[in-house]
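Scroll down for the structure; my scribbles are underneath it.
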Amino acid sequence: MEGTRHEGTLRRTLTPLMLWGLGTGYVISGMYFGWNLGLEKGGTLGLAIATGGIILMYLAFTFSYAELACAIPKAGGVFDYAHRAMGCDAAFVAGMAQHIEFVFAPPAIALSIGAYFNLFMPDVPVIGIAMASYLLFTGLNIYGVKTAAIFELLLFAGIVMPSFKLENLTANPLPNGVAGIFAAIPFAIWFFLGIEGVANVAEEAIDPQRTIIKGFGSAIITLVILCMLTFAGAVGVAGWEAIVYNAEGVTSDSPLPLALGRVVGVTHPMYHLLITVGIFGLVASFHGLILAGGRSTFEFGRTGFAPAWFGRIHPRFGTPANALLANTVVGMAALLTGKTAEIITIAVFGALTLYVMAMITMIRLRKQEPELERPFKAPFFPIAPWLALLIAGISFLAMAVQDMTLAGIFLSLMAGSWMLFRIFPTEKNKHI
Numbered sequence: 364m365e366g367t368r369h370e371g372t373l374r375r376t377l378t379p380l381m382l383w384g385l386g387t388g389y390v391i392s393g394m395y396f397g398w399n400l401g402l403e404k405g406g407t408l409g410l411a412i413a414t415g416g417i418i419l420m421y422l423a424f425t426f427s428y429a430e431l432a433c434a435i436p437k438a439g440g441v442f443d444y445a446h447r448a449m450g451c452d453a454a455f456v457a458g459m460a461q462h463i464e465f466v467f468a469p470p471a472i473a474l475s476i477g478a479y480f481n482l483f484m485p486d487v488p489v490i491g492i493a494m495a496s497y498l499l500f501t502g503l504n505i506y507g508v509k510t511a512a513i514f515e516l517l518l519f520a521g522i523v524m525p526s527f528k529l530e531n532l533t534a535n536p537l538p539n540g541v542a543g544i545f546a547a548i549p550f551a552i553w554f555f556l557g558i559e560g561v562a563n564v565a566e567e568a569i570d571p572q573r574t575i576i577k578g579f580g581s582a583i584i585t586l587v588i589l590c591m592l593t594f595a596g597a598v599g600v601a602g603w604e605a606i607v608y609n610a611e612g613v614t615s616d617s618p619l620p621l622a623l624g625r626v627v628g629v630t631h632p633m634y635h636l637l638i639t640v641g642i643f644g645l646v647a648s649f650h651g652l653i654l655a656g657g658r659s660t661f662e663f664g665r666t667g668f669a670p671a672w673f674g675r676i677h678p679r680f681g682t683p684a685n686a687l688l689a690n691t692v693v694g695m696a697a698l699l700t701g702k703t704a705e706i707i708t709i710a711v712f713g714a715l716t717l718y719v720m721a722m723i724t725m726i727r728l729r730k731q732e733p734e735l736e737r738p739f740k741a742p743f744f745p746i747a748p749w750l751a752l753l754i755a756g757i758s759f760l761a762m763a764v765q766d767m768t769l770a771g772i773f774l775s776l777m778a779g780s781w782m783l784f785r786i787f788p789t790e791k792n793k794h795i
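Taking the working numbering, the leading residue of the sequence shown gets 364, the next gets one more, and so forth.
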């Protein structure tokens with residue numbers, strides 16, 4: 364029955380429209396901040412080339428991942444898929460990569476929420492606002508989920524496009540040469556990072572086999588359009604430097620207000636409206652990624668890949684409260700570093716590992732279980748998953764070469780967690 368649940372399961376409340384809202388909501392913050400940091404690395408041309416390749420990867424990945432989500436609608440997402448195809452070690456690697464993505468993305472968004480609020484309230488510290496946001500939305504996710512707010516960026520595009528000048532797109536387009544294209548990759552991925560979170564709420568969807576593909580497909584198309592409008596509109600106002608550095612020459616976490624301020628001024632009502640809309644857009648992603656991360660951690664605990672405490676459902680609210688609280692502790696620790704670009708990069712390392720594992724899983728399951736019921740089959744198989752796998756793999760290697768320190772941190776998190784998993788088995792997995 365809709366909206367009901369059995370003990371140890373999550374409530375089924377999400378409709379196709381809600382899934383589209385969640386899918387777009389997970390990602391929408393990437394349009395409001397983060398991507399502009401890639402302009403500092405690669406300039407307009409460098410980020411544009413990187414983004415073009417990443418859009419191709421996400422189109423190939425999204426529909427391939429939708430096949431897995433429809434066939435195996437579980438809260439663990441790639442963890443459950445990899446476990447079925449390749450066993451417990453592969454499942455742990457895939458699931459931990461997913462954890463890192465979903466745990467490190469929210470603190471980066473929280474810092475941007477703080478930066479946007481700080482434009483209204485300059486006397487309130489950015490970190491203080493970010494931490495308050497974390498606690499508030501963790502609480503909301505424990506209470507329960509119905510939908511995430513989606514505020515589109517069409518208003519911004521409509522205001523700035525009359526001031527668009529082509530020469531602003533071509534000014535200093537590749538300041539760091541070809542290397543800048545590779546350095547811009549994590550920030551191109553940030554445009555779309557999190558769309559796979561739709562799979563993690565499959566267990567809460569009404570008729571998941573019918574609704575997951577609608578949520579994935581409509582969300583990715585919406586996001587590609589918004590990405591192109593936002594990129595061209597923001598850079599076209601006054602060049603890329605104008606939306607990377609604020610008046611003091613400091614790298615900014617709020618690029619759209621910088622662009623809009625050049626068009627209408629900082630006292631115009633539309634400027635304040637954009638900041639307000641931006642905050643809600645950031646909140647939508649923040650809320651959605653906390654949700655997806657909680658479900659991912661919950662599945663680890665429920666299946667015995669982590670202590671059972673993580674897999675407990677709150678008896679009153681029917682939500683994975685313990686998993687949400689644990690993720691928040693780690694996320695707030697990352698938030699206190701105040702290093703947005705570095706947090707984004709670690710989250711992207713996790714995402715790329717997830718994408719690689721997911722595409723390997725899809726290809727293996729097609730061979731191992733051809734009889735598996737697949738309400739949706741990805742088009743262009745096997746080209747699509749192999750293309751997504753290739754681009755994700757190249758992107759991971761390029762990022763590792765660009766920043767060996769952050770790559771080392773990510774790999775250390777993965778290796779350390781795997782060792783703990785093997786040294787201290789739980790009751791459910793010690794015989795695996």
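For glycine and all other residues, C-beta sits at the position ideal for the given N, C-alpha and C.
{"query": "Between the CA atoms of L556 and A763 - distance to the nearest angstrom", "result": "18 Å"}
{"query": "N- and C-terminal bounds of the alpha helix (DSSP H) containing V338", "result": "Because the chain here runs from 364 to 795, residue 338 falls outside it and cannot be looked at."}
{"query": "C-alpha distance - R368 paired with L382, whole-angstrom precision", "result": "No answer about R368 holds up, because its pLDDT of 42 lies below 50 and its placement is not dependable."}
{"query": "Range covered by the alpha helix (DSSP H) that runs through W553", "result": "548-553"}
{"query": "Best match in P748, D766, N539, F712 for proximity to A468 [C-alpha to C-alpha]", "result": "F712"}
{"query": "K437 burial status per 10 Å Cβ neighbour count (16 or more: buried)", "result": "buried"}
{"query": "Beta-carbon proximity list for M767, same chain, < 6 Å, skipping 5 on both sides", "result": "none"}
{"query": "Inter-residue Cα distance where the pair is R625 and G540", "result": "28 Å"}
{"query": "Limits of the unbroken alpha helix (DSSP H) element including P488", "result": "Where P488 is concerned, there is no enclosing alpha helix (DSSP H), given that its DSSP letter is neither H nor E."}
{"query": "Identified DSSP bridge partners for Y608", "result": "T614"}
{"query": "Reference P379; option with closest CA among Y428, A582, V613", "result": "A582"}
{"query": "Cutoff 8 Å; reference K404; Cβ partners in own chain excluding five residues on either side", "result": "L410, N539, G543, A546, A547, F550"}
{"query": "Range of the contiguous alpha helix (DSSP H) that encloses I786", "result": "767-786"}
{"query": "Exposed unless 16 or more other CB atoms sit within 10 angstroms - verdict on N685", "result": "buried"}
{"query": "Touch test, the stretch 427-437 against the stretch 620-634, Cβ-Cβ under 8 Å, three pairs minimum", "result": "no"}
{"query": "Option nearest M476 by Cα separation, candidates A448, F426, S392, D452", "result": "Looking at the sequence provided, one finds Ile at residue 476 rather than Met. If we check each option's Cα against that of I476, S392 comes out closest."}
{"query": "L645 versus R447, L408, E430, F480, residue with shortest Cα-Cα distance", "result": "F480"}
{"query": "Straight-line gap, A493 to L499 (C-alpha atoms, nearest Å)", "result": "10 Å"}
{"query": "Spatial distance of F773 from T630 (CA atoms)", "result": "43 Å"}
{"query": "Touch test, the stretch 392-402 against the stretch 600-620, Cβ-Cβ under 8 Å, three pairs minimum", "result": "yes"}
{"query": "Span separating the alpha-carbon of M459 from that of M777", "result": "7 Å"}
{"query": "Alpha carbon of D570 to alpha carbon of L377, nearest angstrom", "result": "9 Å"}
{"query": "Beta-carbon contacts of K509 that lie in its chain and below 6 Å, excluding the five residues immediately before and after", "result": "With a pLDDT of only 38 at K509, under the threshold of 50, the placement of this residue in the model should not be trusted; the figure read from the coordinates follows. None."}
{"query": "Counted within 10 angstroms of its Cβ, other Cβ atoms place M484 as buried (16 or more) or exposed", "result": "exposed"}
{"query": "Cα-Cα separation between R447 and M725, rounded to whole angstroms", "result": "10 Å"}
{"query": "Range covered by the alpha helix (DSSP H) that runs through A534", "result": "Segment: none, A534 is in no alpha helix (DSSP H) and carries neither H nor E."}
{"query": "L735 - DSSP class collapsed to helix/strand/coil", "result": "coil"}
{"query": "8 Å Cβ cutoff met for E662 and G439", "result": "yes"}
{"query": "Status (buried if at least 16 other CB within 10 Å, exposed otherwise) for E530", "result": "exposed"}
{"query": "Reference L652, options I558, A721, I417, closest by Cα", "result": "I558"}
{"query": "Contact check, A655 vs A429, beta carbons under 8 Å", "result": "no"}
{"query": "Beta carbon of V587 nearer than 8 Å to that of T407", "result": "no"}
{"query": "Counted within 10 angstroms of its Cβ, other Cβ atoms place L419 as buried (16 or more) or exposed", "result": "exposed"}
{"query": "Proximity winner among G560, T585, L589, relative to I575 (alpha-carbon distances)", "result": "G560"}
{"query": "V692, enclosing alpha helix (DSSP H) - first and last residue", "result": "684-698"}
{"query": "Host alpha helix (DSSP H) of R447 (start-end)", "result": "441-449"}
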